[in-house]
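To keep things clear, I will list the structure first and then write my remarks on it.
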Amino acid sequence: MLQIKKLNMIHKKDLRVILSDFNLVLNAGDKAVIIGEEGNGKSTLIKWIYNPLLIDDYIEAEGEMIVTKESFGYLPQEMSDEDKRKTVYEYFSEEELFWNKTPKELSKVAGEFGMEKDFFYSEQEMGSLSGGEKVKAQLMRLLIREVTVLLLDEPSNDIDIRMLELLEKIINNWKHIVLFVSHDETLIENTANMVIHIEQIMRKTKTRYTVAGLPYRKYVEERLHKFESQQRQALNDMKAKKIRDEKYRKIMQNVQNALDNCSRQDPFTAKNLKVKMNTVKSMGRRFEKEDEKMTEMPQQEEAIFFKLGNKDSYIAAGKTVIECTIPKLMTSDRKRILAEDINFKIKGAEKVCIIGANGAGKTTLLRNIAEELLNRSDIKAEYMPQNYEDILNTDMTPVDFLDKSGDKEERTRIRTYLGSLKYTVDEMEHPIRELSGGQKAKVLLLKMSLSGANVLILDEPTRNFSSLSGPVIRKMLREFPGAIISISHDRKYMVEVCDKIYELSSMGLKVVN
Numbered sequence: 001m002l003q004i005k006k007l008n009m010i011h012k013k014d015l016r017v018i019l020s021d022f023n024l025v026l027n028a029g030d031k032a033v034i035i036g037e038e039g040n041g042k043s044t045l046i047k048w049i050y051n052p053l054l055i056d057d058y059i060e061a062e063g064e065m066i067v068t069k070e071s072f073g074y075l076p077q078e079m080s081d082e083d084k085r086k087t088v089y090e091y092f093s094e095e096e097l098f099w100n101k102t103p104k105e106l107s108k109v110a111g112e113f114g115m116e117k118d119f120f121y122s123e124q125e126m127g128s129l130s131g132g133e134k135v136k137a138q139l140m141r142l143l144i145r146e147v148t149v150l151l152l153d154e155p156s157n158d159i160d161i162r163m164l165e166l167l168e169k170i171i172n173n174w175k176h177i178v179l180f181v182s183h184d185e186t187l188i189e190n191t192a193n194m195v196i197h198i199e200q201i202m203r204k205t206k207t208r209y210t211v212a213g214l215p216y217r218k219y220v221e222e223r224l225h226k227f228e229s230q231q232r233q234a235l236n237d238m239k240a241k242k243i244r245d246e247k248y249r250k251i252m253q254n255v256q257n258a259l260d261n262c263s264r265q266d267p268f269t270a271k272n273l274k275v276k277m278n279t280v281k282s283m284g285r286r287f288e289k290e291d292e293k294m295t296e297m298p299q300q301e302e303a304i305f306f307k308l309g310n311k312d313s314y315i316a317a318g319k320t321v322i323e324c325t326i327p328k329l330m331t332s333d334r335k336r337i338l339a340e341d342i343n344f345k346i347k348g349a350e351k352v353c354i355i356g357a358n359g360a361g362k363t364t365l366l367r368n369i370a371e372e373l374l375n376r377s378d379i380k381a382e383y384m385p386q387n388y389e390d391i392l393n394t395d396m397t398p399v400d401f402l403d404k405s406g407d408k409e410e411r412t413r414i415r416t417y418l419g420s421l422k423y424t425v426d427e428m429e430h431p432i433r434e435l436s437g438g439q440k441a442k443v444l445l446l447k448m449s450l451s452g453a454n455v456l457i458l459d460e461p462t463r464n465f466s467s468l469s470g471p472v473i474r475k476m477l478r479e480f481p482g483a484i485i486s487i488s489h490d491r492k493y494m495v496e497v498c499d500k501i502y503e504l505s506s507m508g509l510k511v512v513n
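Each residue of the sequence shown is one higher than the one before, counting from 1 in my numbering.
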């Protein structure tokens, strides 16, 4: 059992309340997903559970955690720099139980995860693995450790379709506790039997949380039904109040007019009118008490509102965006061939997605495509890399990073756009390094929109957006008037956004839909 009692979290810098009086009980068999918009504290909560010191530099936290016979395994959103410098063998050999596994057992685990059979003994540096391979390695190490509580922060990031299906199987078959954060709606729908929803409402001035022992889709449906029902009742109550108050106002006015016009020579009538006025005032006080019990208009945290692209983003249907032939796709160190005979052509406002196994070279290919298109003068291309820090200056604030002119009107416009992306005034002044992955992604999306780009090159564009913002992001990309060349393993993104899907293998690219 894992129990949290009266947990309070406050952001040290802007004193924003992240969680207030948070209580939670998890038992064996619970597969709980934490959902909420970017920057609401989902990763922070998982870090606190694993080790409160991980958040000590930016969060003031107090609360009680009760754990009975549980051992924790934590998969962070980003691998530490220290672990990246280790070889694969060094990374796994630090686990005591690693030495209890026979080569045959390790080979079987590697095979299940789609890795080479001798992967555990590799001298390759962890940092040189692909994003998906890093996630796989961390998961395998947790399983070798034989933990009971899996704390997974974005485990679906960067992993291929086969691994996503294996991850679903691992979670569903786990006999103990799983607590995870994910923006992959399909993964959540297929695994979670409990939802923990963290919200920041009233322009992020008030925090609220919900714990529901329901599958995700059922929770979303019931939440929407409850919201609509409460909204209807609140509107009906307001309508009835308006009618009642208008009648009351007329009664009050009539009695007051009668009192004002009552002659001093008629004390009996004046006395009766004063009694009537007291009765009317007593009625008003009763109405005030009734109003306290009125159904409140429901508050919910709205998804982001944003449109990607403008009139400059339109691209003609016959325009060749890219036509390239790559005889051999090499690793960045030129030591290994990833794929051969790649032929790729995109025309007009096509939206394509490249899929493939982890380590197949998708990011390398996309980086090569970006290098070519970013230097073209006949199109305007923008690139969102897998690692946002390749482009973002994390020491700058979002406003400073996006501001290219220093003009007051330009900065005001940027702030307005950031507001539509659910940034608070304080968050606009935070260094980018202090922002969540989703908030960093929003900065890049806004950069793309402000640039007037008509070609977007996106490496896993939806991976850091919440499951609630996901539909908005997919709609935004679907309606973008230019071309999109992307890598994604988001199954809803592929269906809802992409016109064509290519699979990359050692034999090149082939269309799969």
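Virtual Cβ for every residue (Gly too), placed ideally from N, Cα, C. Remember, it's a predicted structure, so these values are computed and weren't measured experimentally.
The beta carbon of T320 sits closer than 6 Å to those of K347, all from its chain and outside the five residues before and after it, given in chain order. Where P327 is concerned, the enclosing beta strand (DSSP E) starts and stops at T320 to M330. Around K31, the same chain offers I171, V178, T191, A192 and N193 as residues with beta carbons nearer than 6 Å, after the five sequence neighbours per side are excluded. DSSP places M448 outside any beta strand (DSSP E); the residue lies instead in the alpha helix (DSSP H), whose first and last residues are G437 to S451. DSSP links E60 through a beta bridge to I10.
When secondary structure is reduced to three states using DSSP, R336 falls in the coil class, being assigned neither helix nor strand. By the Cβ neighbour-count rule, G318 is exposed, with fewer than 16 other Cβ atoms within 10 Å of its own. D459 is the residue among V25, E185 and D459 whose C-alpha sits nearest the C-alpha of G361. Annotation: the continuous beta strand (DSSP E) that includes Y209 extends over K206 to A212.
Of the residues assessed, Y314 falls on the exposed side of the cut-off, its CB having fewer than 16 other CB atoms within 10 angstroms. A residue is called buried when at least 16 other Cβ atoms come within 10 angstroms of its Cβ; Q439 meets this threshold and is buried. Taken through DSSP and simplified to helix, strand or coil, H225 comes out as helix. A straight line joining the alpha-carbon of K206 with that of N8 spans about 13 Å.
For F72, the uninterrupted beta strand (DSSP E) segment begins and ends at F72 to L75. Contact between M476 and K307 is confirmed by a C-beta separation of about 7 Å, below the 8 Å threshold.
Under a 10 Å Cβ-count criterion, R85 is classified as exposed, with fewer than 16 other Cβ atoms of the shown protein chains found around its own Cβ. Using a Cβ distance threshold of 8 Å, I34 and I243 do not count as a contacting pair. For the pair N257 and Q233, the Cα-to-Cα distance works out to about 36 Å.
Judged by beta-carbon spacing, I355 lies within the 8 Å limit of H489, meaning their Cβ atoms are closer than that value. Between V88 and F120, the C-beta gap is smaller than 8 Å, which places the two residues in contact. The region 283-292 makes no contact with the region 447-465, as fewer than three CB pairs between them are under 8 Å. Only residues of its own chain outside the window of five on either side were considered, and among them E199 and I201 have a CB closer than 7 Å to the CB of R208, listed in chain order. The beta carbon of E64 is closer than 6 Å to those of K5 in its chain, skipping five residues each way along the sequence.
By the CB criterion at 8 Å, I322 and E372 fall inside the cutoff. Residue pairing from DSSP leaves V220 without any beta-bridge partner.
DSSP places T87 in the strand class (E or B) of the three-state scheme.
Shown here, E372 sits in a helix according to DSSP, grouped into three states.
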